[in-house]
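The structure under discussion appears below in the form of C-alpha cells.
4 protein chains.
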Amino acid sequence: MPDLTKAAFTEAARGVYVIAPTPFMENGVLDMESTDRMVDFFLEKGADGLTVLGMMGEAPKLTLEESQAFVQRVLARVQGRVPVIVGVSAAGFAQMGALSEMVMGDGASGVMVAPPSSLKSDEQIVNYYSMVAETVGEQTPFVLQDFPLVTNVFVPVSVILKIVGELPNCVCLKHEDWPGLTKVSALRSASDEGARRISILCGNGGLFLPEELARGADGAMTGFAYPEMMVEICRLHAAGETERARDVFDAYLPLVRYEQQPGLGLALRKYTLAKRGIIAQSKLRRPGPSLSATDIAELEKLIARQTARLQHLN
Amino acid sequence: MPDLTKAAFTEAARGVYVIAPTPFMENGVLDMESTDRMVDFFLEKGADGLTVLGMMGEAPKLTLEESQAFVQRVLARVQGRVPVIVGVSAAGFAQMGALSEMVMGDGASGVMVAPPSSLKSDEQIVNYYSMVAETVGEQTPFVLQDFPLVTNVFVPVSVILKIVGELPNCVCLKHEDWPGLTKVSALRSASDEGARRISILCGNGGLFLPEELARGADGAMTGFAYPEMMVEICRLHAAGETERARDVFDAYLPLVRYEQQPGLGLALRKYTLAKRGIIAQSKLRRPGPSLSATDIAELEKLIARQTARLQHLN
Amino acid sequence: MPDLTKAAFTEAARGVYVIAPTPFMENGVLDMESTDRMVDFFLEKGADGLTVLGMMGEAPKLTLEESQAFVQRVLARVQGRVPVIVGVSAAGFAQMGALSEMVMGDGASGVMVAPPSSLKSDEQIVNYYSMVAETVGEQTPFVLQDFPLVTNVFVPVSVILKIVGELPNCVCLKHEDWPGLTKVSALRSASDEGARRISILCGNGGLFLPEELARGADGAMTGFAYPEMMVEICRLHAAGETERARDVFDAYLPLVRYEQQPGLGLALRKYTLAKRGIIAQSKLRRPGPSLSATDIAELEKLIARQTARLQHLN
Amino acid sequence: MPDLTKAAFTEAARGVYVIAPTPFMENGVLDMESTDRMVDFFLEKGADGLTVLGMMGEAPKLTLEESQAFVQRVLARVQGRVPVIVGVSAAGFAQMGALSEMVMGDGASGVMVAPPSSLKSDEQIVNYYSMVAETVGEQTPFVLQDFPLVTNVFVPVSVILKIVGELPNCVCLKHEDWPGLTKVSALRSASDEGARRISILCGNGGLFLPEELARGADGAMTGFAYPEMMVEICRLHAAGETERARDVFDAYLPLVRYEQQPGLGLALRKYTLAKRGIIAQSKLRRPGPSLSATDIAELEKLIARQTARLQHLN
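Chains as they are written, first to last, in full-length UniProt numbering: chain W, 1 to 314; chain S, 1 to 314; chain U, 1 to 314; chain V, 1 to 314.
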C-alpha cells in the first residue's frame with residue numbers, strides 16, 4: 001500500500017517541479033531501483049515537487065498497470081515530502097477519470113491535462129476543461145498544460161482566464177507556449193487586477209526562465225538534466241540577485257539549448273542522468289530515437305565546457 | 001469465458017464488414033442487451049463481418065475494462081459465425097499490444113490500426129506499421145486504416161504497397177481516403193502486376209461504394225444505419241447487375257450523404273438504429289454532439305422519402 | 001476600358017452566385033472566348049451573381065496581370081446585369097489591397113476573403129477581418145469565406161457574429177463549413193434576435209442545399225456543372241414547393257457527390273462544361289490533376305443516368 | 001537600370017548569407033536609404049551573400065512593384081560584390097515564374113523556394129521541386145528552404161537527395177529543420193559516398209551554428225542583429241579554432257535565443273538594428289507584433305550583458 005500522506009498542491013505552488021523521466025532497464029522493463037535513486041536525487045537537489053507521466057515521461061508507452069506501478073513507486077519514495085503531480089491526458093474522459101482516481105487514491109497531489117489537438121475554438125477549449133474539472137472531481141487540483149508546439153492548440157490568455165474564473169480546481173498553468181513571455185505578463189496583469197491568481201510554472205526546459213520569473217512566473221515545471229540550475233535560479237531570483245541568476249543561467253545555456261531539441265531531447269537528458277549516476281541506463285522505450293556517436297560527442301563537449309564555466313563562476 | 005471459435009480474416013475478405021457503434025444506456029453505462037440485438041440485426045441483414053471499437057465505436061471514451069467487456073459480449077453473440085475485427089489504435093505500442101493480445105485471446109479474428117498524426121514522412125509510416133506488425137504478432141492479421149480526413153496522415157500508394165510487401169499480416173486496407181478512387185485503381189493495377197493482393201474494404205459511409213466496387217474494391221467496412229443497402233449493392237455488383245446496384249444506391253444516397261456529416265454522423269446513425277428498434281436509445285457518451293429538433297425533423301423527412309423511393313423501386 | 005456599371009451587392013443578396021472556373025486554352029493561355037461563352041451560359045441559366053478568382057478559379061496560378069485581364073473580360077461581358085464578386089485572398093494586406101482596388105475600380109461589386117491558416121484564436125480571426133475591412137475600404141462589400149476543410153481555420157458562430165457586428169462592409173457569409181447546418185440555424189436565430197442579418201450563401205457544391213435553404217440560407221455561392229439545378233431548387237424553395245425541390249435535388253445528387261471530390265472536382269466540372277459546349281476544353285493549369293479514362297467513363301455514366309432521371313421527373 | 005553584374009551562386013557557396021529584413025519608414029513606405037545603409041553594414045561585417053524577400057523580409061506584405069523596387073535597390077548597392085538570393089515562394093507557379101524572371105533579369109544570383117503546406121507525401125515534394133526547377137529555368141540556381149516549423153512540410157533526407165540527384169539547379173539547402181543536426185550529418189555522409197554535394201547553409205538564427213559547422217554545414221543563411229558573430233564563428237571554424245568559436249558563440253547565445261522567438265523575433269531584430277544605427281526605425285508592416293516596454297527592457301539588458309561578455313572575451 002502506498003503512503004497516503006500527500007503534500008498540498010495549490011495556487012501557491014512555487015519553485016521547481018521537476019518533470020521526471022521514466023527509467024527503463026536494458027530489456028525495456030520499468031527500472032524501479034533507478035526510480036528510487038532519481039526521486040532521491042531530485043529532492044536532494046531541492047525540487048519543490050515532481051511531475052510524472054508527462055510527455056517527457058514516455059507515458060503513452062506504458063500500459064495502465066505500468067503507469068500505476070511507477071506512480072506508486074514514486075509516491076512511496078517521496079513519502080509526502082513534496083507534491084507529486086501526475087499527467088492524466090487521455091483520448092477519452094473515461095480513461096482520464098480512471099487514471100486520475102487511481103493516482104489520487106494512491107497519494108498524488110494533483111493531475112495535469114493537455115488539450116487534445118481536436119479542439120478548434122476558444123469555446124471548445126473552455127468546454128473541454130469544464131469536463132476535465134468534472135471528470136477529475138472538484139477535490140482534485142489540476143494543471144492546465146499549455147504546450148502548442150506539441151498539442152497544436154493555441155490557448156489565448158482570455159481562455160485561460162475564463163478557465164481560471166470558472167474552475168476552482170484549476171490551480172496551475174504549465175506555461176510552455178513559445179513565445180510566451182507576453183502571456184506571462186498578461187496573466188499577471190489580470191491577477192493584479194482581480195482575477196484569481198494561480199501558479200504559473202514554466203516549461204521549455206528552462207530556456208526562458210530568467211525572463212519568465214521577472215515577469216511574474218512562480219517557477220518552473222520542466223525537465224533538465226541539471227535541475228540544480230533551475231533551483232538555484234529560482235532561489236537567486238527570490239533573493240533579488242537577478243544578475244547572479246543570469247550568470248548561472250548563461251553558464252548552463254549552451255546545454256539547455258542543446259537538450260531542448262524536440263524529439264532528441266529526452267534521449268540526451270537520459271544520457272546525462274545516466275552519466276551522472278542517477279539512472280542505470282539511458283534507454284528509451286520504442287518508438288524513440290537513439291543517440292549517434294556524434295550526438296554523444298557533442299553532448300560530452302557541452303558538459304565539459306559547462307563544468308569549466310561553472311568552476312570559473314564560483 | 002468467451003467462445004474461442006473464430007472465423008478466419010485473410011486477404012480474401014470481401015463483402016460488408018459493418019462498423020458497429022457502442023450502445024449505451026441512458027445513464028451512460030454499456031448497454032449489453034442492445035449489443036446483442038445489434039449483433040443479431042447486423043448478421044440477419046447479411047454482414048460478412050463486424051468491426052468494433054473503431055472511431056465510430058466511441059472507443060476512446062471506454063476504459064480498458066469496458067472495451068474488453070464489450071468485445072467479449074460481441075464475440076459471445078457472434079459465436080464465430082463471421083470475423084470480428086477490433087480497433088486497437090493507441091498512443092503507444094505497450095497499450096496497443098496489451099489490447100490486441102487481450103481481444104485476440106478472447107476470440108477476435110483481427111485488429112485494425114490507424115496511423116497517429118505525428119507521422120511525417122513515407123519512411124516513418126512504413127516504420128510505424130513494421131512496429132505494429134511486430135507488436136500485434138505475426139499470427140494476428142491487421143487492417144491498415146487509411147483515413148486522412150481524421151488522422152491528417154496521407155498514405156501514398158507506394159507506402160501501402162511497401163507495407164503490403166514487407167508485412168504478411170497486413171491483410172486488409174480500410175480505404176477511407178477522399179478522394180480515393182484513384183488509389184483503389186492504382187492498388188488493383190499493382191496487384192494485377194504481381195504485388196500481393198490484399199482485401200480493400202471501403203469506408204466513408206458507402207458514399208462512393210458503386211464506383212469503388214467497379215474499380216476492384218472487395219466491399220465495405222463502414223457504418224450506415226441501413227447496412228442492408230451495402231449488402232445488396234455488393235450482391236448486385238457480384239451478380240453483374242450494376243445498373244440495379246446504382247438504382248438501389250441512388251435511393252439511399254440522400255440519407256447516406258446526410259449521415260456522413262463529420263461530428264454529427266454517429267448521433268444520426270444511433271438515432272436511426274434506435275428508431276428501427278435495434279438499440280434501446282441513441283445516447284452518445286460525452287463528449288459528443290446531440291441532435292436538435294431540426295436535425296431530427298430533417299432526418300425523419302429523409303427516412304420517409306427513402307422509404308417511398310424504395311417502395312417505388314420494388 | 002471595362003464598363004463601370006455595377007450591380008449592388010448587399011446583405012440582401014440571394015439566389016445563386018455561380019463560382020466560375022477560369023478557362024484556359026490547350027497551351028495554358030487564358031481563353032477569353034470561352035470566358036464570354038461561360039458568362040453567357042451562367043446568366044442564361046439564371047445566375048443571380050458570379051464569383052471569380054475563388055479557390056475553384058485557380059486564382060493562385062494566375063499572375064496579377066492575368067487576374068486583372070480575366071476579371072475585366074468577365075465584367076465587360078456581364079455589363080452590370082448581376083453582381084460580380086472577386087476573390088482577393090492574399091498572403092499580405094498590401095497585395096490584397098492592390099488587387100481589391102484594381103477590381104473594384106474595374107467594376108466588381110464586392111470581394112471575398114478566406115482566413116489564412118496561420119490564424120489560431122477567435123480574437124486573431126476577428127482582428128484579421130478588421131484589417132481586411134480596412135484594407136478593402138468601407139465602400140467595398142466583402143464576403144467572409146468560411147471553408148475550414150481547406151483553410152484549417154474553424155470560425156465559430158460567436159466570431160462570425162462579432163465580425164458582423166463590428167464591420168458593416170461584411171455583407172455575406174460564404175458558408176462552407178462541414179458539417180455546417182447547425183451554424184446556419186444559429187446565425188439565423190441570432191439575426192432573428194436582433195443581430196444584423198447578412199446574406200448566407202452556401203458552398204460545398206450544393207451538397208446540402210435543400211437543408212441549408214430550409215434553415216434560412218439565402219442561396220448558394222458554389223460551383224456545379226449544372227448551375228440550373230441550384231437555380232431551380234432556390235426557385236422551388238422560394239415558391240414553397242419543397243418536396244419538388246428535393247425531387248430535383250435527388251436527381252442530381254449522384255453527380256453532385258461525384259463532382260464534390262476534393263482535388264479532382266474542378267477537373268470533373270471543367271470536363272462537363274466542355275462536354276456541354278460552354279468552354280473550349282477542360283485543361284487545368286499546372287499543378288493540377290488530370291482525369292483518367294476510368295474517371296471519365298464514371299462521369300459519363302453518371303451524366304447519362306442523371307439525364308434519364310431528369311426526363312423521368314418531367 | 002540595375003547593374004547586371006552578378007556574383008555566381010553555386011554548390012560551392014559558403015560562409016554567411018545574411019537574411020535581410022525590409023526597412024520601412026514610419027508611414028509604412030519602403031525606406032530606401034536605410035536599405036542602402038543596411039547593405040553596406042552587412043558587407044562591412046563580412047557577409048558572403050545576402051538573401052532578401054525571405055520569411056523574415058516581410059515579403060508577403062509587399063506588392064509586386066514594391067518587391068521589385070526593393071530588390072533593385074539592394075542589387076544596385078551590392079553591385080555584384082556578393083551573390084544576392086531572392087525568395088520567390090508563391091501560391092502558384094505563374095507568380096513564382098514571373099517574380100523569378102524579374103529578379104534574375106535585374107541581377108540576382110539565385111532564388112529560394114519553400115514548400116507549400118499542401119504537400120503531403122515524399123513524391124509530392126519531389127514533383128513540386130521538379131516544377132520549381134522548370135519554372136525558374138535551368139539557368140537559375142535555387143535554394144531549397146527546409147523549415148518545417150513554419151511550412152508544416154517535413155522533408156526527409158531521402159527526398160532532399162532525390163531532388164539533388166534530379167535537379168542540377170538545386171545548389172543549396174537552407175537547413176532549418178529542428179532538430180536538424182542528424183540531417184546535416186546524413187546529407188554529408190551521402191555526398192561523401194558519391195551524391196552530388198550541394199551547399200548547406202543553416203538557419204534558426206544561428207542557434208546551433210557550432211554543431212552544424214562541425215557536422216559539415218558550409219555556413220549560415222539566417223538573420224541575427226549581430227551578423228559579425230556568425231562571420232567570426234565561420235572564420236574561426238575554418239581556421240580550426242573551434243574552442244574559440246564556441247567561446248564567441250556562448251557570449252552571444254543569450255541574445256540569439258531571445259531573438260529566435262517565433263513571431264516576436266523580427267521585431268526584436270529590427271529594434272536592435274535601429275539601435276545600432278543601421279535602419280532608421282524598427283517598424284514592421286501590419287500585420288505584425290510590436291514590442292512592449294518589458295520586451296524592450298529585457299532586450300536592452302541582454303545587449304548590455306552581451307557587450308560586457310564580449311569585452312571580457314577580448
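Glycine included, every Cβ here is placed at the ideal spot set by N, Cα and C.
- Query: Any Cβ of chain B within less than 8 Å of the Cβ of residue 254 of chain W?
  - Reply: Checking the listed chains, one finds no chain B in this structure; the protein chains it contains are W, S, U and V.
- Query: What residue does the alpha helix (DSSP H) around residue 304 of chain U start on, and which one ends it?
  - Reply: Here the question's residue 304 of chain U lines up with position 304 in the third sequence. For residue 304 of chain U, the enclosing alpha helix (DSSP H) stretches over residues 293 to 313.
- List the DSSP bridge partners of residue 172 of chain V. Here residue 172 of chain V refers to the residue found at position 172 when the fourth sequence is read from its first residue. Beta-bridge pairing links residue 172 of chain V to V:143 and V:199.
- Looking at the unbroken beta strand (DSSP E) that takes in residue 279 of chain V, where does it start and where does it end? Start at 1 with the first residue of the fourth sequence, and residue 279 of chain V comes out as number 279. Counting along the chain, residue 279 of chain V falls outside any beta strand (DSSP E), and DSSP gives it neither H nor E.
- Report buried or exposed for residue 82 of chain U, applying the criterion of at least 16 other Cβ atoms within 10 angstroms of its Cβ. By one-based count along the third sequence, residue 82 of chain U stands at place 82. Per the 10 Å Cβ criterion, buried.
- Message: Using a Cβ-Cβ distance cut-off of 8 Å, determine whether residue 63 of chain U contacts chain V.
- Response: For the purposes of this step, residue 63 of chain U is taken as residue 63 along the third sequence, with counting starting at 1. With 8 Å as the cut-off, residue 63 of chain U counts as an interface residue toward chain V.
- Query: On the premise that residue 184 of chain W lies in contact with residue 216 of chain W, defined as a C-beta separation below 8 Å, what is that separation, rounded to the nearest angstrom?
  - Reply: As a working mapping, residue 216 of chain W is identified with position 216 in the first sequence. As a working mapping, residue 184 of chain W is identified with position 184 in the first sequence. About 6 Å separates the beta carbon of residue 216 of chain W from that of residue 184 of chain W, a gap short enough to meet the 8 Å contact definition.
- Task: Give, in chain order, every residue of the stretch 95 to 128 of chain V whose Cβ lies closer than 9 Å to some Cβ of chain S.
- Result: Under the 9 Å Cβ criterion, the stretch 95 to 128 of chain V contributes 120, 121, 122, 123 and 124.
- Query: Taking the runs of the alpha helix (DSSP H) that are 4 residues or longer, which of them lie wholly in the stretch 211 to 260 of chain V?
  - Reply: For the stretch 211 to 260 of chain V, the continuous alpha helix (DSSP H) assignments of 4+ residues that do not extend past its boundaries occur at 227 to 238 and 242 to 259, in sequence order.
- Item | Any C-beta of chain S under 8 Å from that of residue 284 of chain U | On the third sequence, position 284 is the one that residue 284 of chain U refers to. Residue 284 of chain U does not count as touching chain S.
- So who's on the other strand from residue 17 of chain U, going by DSSP bridges? Taking the third sequence and counting its residues from 1, one reaches residue 17 of chain U at position 17. DSSP output for residue 17 of chain U lists U:49 and U:221 as bridge partner(s).
- Task: Using a threshold of 8 Å, state whether the C-beta atoms of residue 105 of chain S and residue 75 of chain S are closer than that.
- Result: For the purposes of this step, residue 105 of chain S is taken as the residue at position 105 of the second sequence. For the purposes of this step, residue 75 of chain S is taken as the residue at position 75 of the second sequence. Cβ atoms of residue 105 of chain S and residue 75 of chain S: not closer than 8 Å.
- Query: Are there 16 or more other CB atoms within 10 angstroms of the CB of residue 2 of chain S, so buried, or fewer, so exposed?
  - Reply: To locate residue 2 of chain S, count along the second sequence from 1; it is residue 2. Low per-residue confidence applies at residue 2 of chain S: pLDDT is 44, beneath 50, and the placement is therefore not dependable enough to give any value.
- Item | chain V contacts from the stretch 123 to 157 of chain S (Cβ-Cβ distance under 7 Å) | Within the stretch 123 to 157 of chain S, the residues whose Cβ lies closer than 7 Å to some Cβ of chain V are 123, 154 and 156, listed in chain order.
- Message: If the criterion is Cβ atoms closer than 8 Å, does the pair residue 302 of chain S and residue 267 of chain S meet it?
- Response: Stepping through the second sequence from its first residue, residue 302 of chain S is reached at position 302. Stepping through the second sequence from its first residue, residue 267 of chain S is reached at position 267. Cβ atoms of residue 302 of chain S and residue 267 of chain S: not closer than 8 Å.
- Message: Taking the alpha-carbon of residue 297 of chain S as reference, which of U:181, U:94, U:54 and U:305 has the nearest alpha-carbon?
- Response: Locating residue 297 of chain S in the second sequence gives position 297, where the first residue counts as 1. Taking only the C-alpha atoms, the option nearest residue 297 of chain S is U:181.
- Query: Pairing CB atoms from the stretch 143 to 154 of chain W with CB atoms from the stretch 167 to 179 of chain W, are three or more of them under 8 Å?
  - Reply: Contact between the stretch 143 to 154 of chain W and the stretch 167 to 179 of chain W is present, because at least three Cβ pairs lie under 8 Å.
- Which first and last residues belong to the alpha helix (DSSP H) in which residue 131 of chain U is found? Counting from 1 along the third sequence, the entry for residue 131 of chain U is found at position 131. Membership of residue 131 of chain U in the alpha helix (DSSP H) is indicated by the continuous run 122 to 136.
- What residues are listed by DSSP as bridge partners for residue 157 of chain S? In the second sequence, residue 157 of chain S corresponds to position 157, counting from 1. None, per the DSSP bridge assignment.
- Query: Can you give the Cα-Cα distance for residue 313 of chain W and residue 232 of chain W, rounded to whole angstroms?
  - Reply: Within the first sequence, residue 313 of chain W is the residue found at index 313, counting from 1. Within the first sequence, residue 232 of chain W is the residue found at index 232, counting from 1. Cα to Cα, residue 313 of chain W sits roughly 13 Å from residue 232 of chain W.
- Message: Taking 6 Å as the limit between beta carbons, can you name the residues of its chain near residue 213 of chain W, skipping five residues before and five after?
- Response: As a working note, residue 213 of chain W is residue 213 in the first sequence. In chain order, 237 place their CB closer than 6 Å to the CB of residue 213 of chain W, counting only its own chain and leaving out the 5 sequence neighbours on each side.
- Message: Quick check on residue 91 of chain V - is its C-beta less than 8 Å from some C-beta in chain U?
- Response: Residue numbering aside, residue 91 of chain V sits at position 91 when the fourth sequence is read from its first letter. At least one chain U Cβ lies under 8 Å of residue 91 of chain V.
- Task: Output the boundary residues of the beta strand (DSSP E) element that contains residue 92 of chain U.
- Result: The residue labelled residue 92 of chain U in the question sits at position 92 within the third sequence. The continuous stretches of beta strand (DSSP E) do not include residue 92 of chain U, and DSSP gives it neither H nor E.
- If you run the structure through DSSP and keep just helix, strand and coil, what is residue 315 of chain W? In the structure displayed, chain W extends from 1 to 314; residue 315 of chain W sits before or after that span and is not available.
- Using a Cβ-Cβ distance under 8 Å, would residue 182 of chain S count as near chain U? Numbered from 1 along the second sequence, position 182 holds the residue referred to as residue 182 of chain S. Between residue 182 of chain S and chain U, the shortest Cβ-Cβ separation is below 8 Å.
- Task: Compute the distance between the beta-carbons of residue 172 of chain V and residue 209 of chain V, then report whether it is under 8 Å.
- Result: Numbered from 1 along the fourth sequence, position 172 holds the residue referred to as residue 172 of chain V. Numbered from 1 along the fourth sequence, position 209 holds the residue referred to as residue 209 of chain V. Not closer than 8 Å, so no.
- chain U contact residues for residue 264 of chain S, given Cβ-Cβ distances below 7 Å: The count along the second sequence starts at 1 and reaches residue 264 of chain S at position 264. Chain U residues near residue 264 of chain S: 179.
- Secondary structure at residue 38 of chain V, three-state DSSP: helix, strand or coil? Numbered from 1 along the fourth sequence, position 38 holds the residue referred to as residue 38 of chain V. Residue 38 of chain V falls in the helix class under three-state DSSP.
- Query: If the cut is a Cβ gap below 7 Å, which residues of chain U does residue 298 of chain S touch?
  - Reply: In the second sequence, residue 298 of chain S corresponds to position 298, counting from 1. The answer, in chain order, is 211.
- Say the cut is 7 Å; is the CB of residue 143 of chain W nearer than that to a heavy atom of the ligand NAD? Because no ligand of any kind appears in the structure shown, any question about the ligand NAD cannot be addressed here.
- May I have the straight-line CA-CA distance separating residue 224 of chain U from residue 138 of chain W, to the nearest angstrom? As a working note, residue 224 of chain U is residue 224 in the third sequence. As a working note, residue 138 of chain W is residue 138 in the first sequence. Near 53 Å, if we compare the C-alpha coordinates of residue 138 of chain W and residue 224 of chain U.
- Message: By DSSP's criteria, residue 85 of chain U is part of a beta bridge. Which residues make up the other side?
- Response: As a working note, residue 85 of chain U is residue 85 in the third sequence. In the DSSP assignment, the residues bridged to residue 85 of chain U are U:51 and U:110.
- To which residues does DSSP link residue 24 of chain S through a beta bridge? Translated into the one-based positions of the second sequence, residue 24 of chain S becomes position 24. Paired residue(s): S:30.
- Task: Taking the CB atoms as reference points, tell me whether residue 198 of chain W and residue 11 of chain W lie closer together than 8 Å.
- Result: Stepping through the first sequence from its first residue, residue 198 of chain W is reached at position 198. Stepping through the first sequence from its first residue, residue 11 of chain W is reached at position 11. Contact flag set, yes.
- Along the alpha helix (DSSP H) that carries residue 177 of chain S, what are the first and last residues, could you check? For the purposes of this step, residue 177 of chain S is taken as residue 177 along the second sequence, with counting starting at 1. Boundaries for residue 177 of chain S: no alpha helix (DSSP H) harbours it, and the DSSP string shows neither H nor E there.
- As assigned by DSSP and simplified to three states, the class of residue 204 of chain S: Locating residue 204 of chain S in the second sequence gives position 204, where the first residue counts as 1. Reduced to three states, the DSSP call for residue 204 of chain S is helix.
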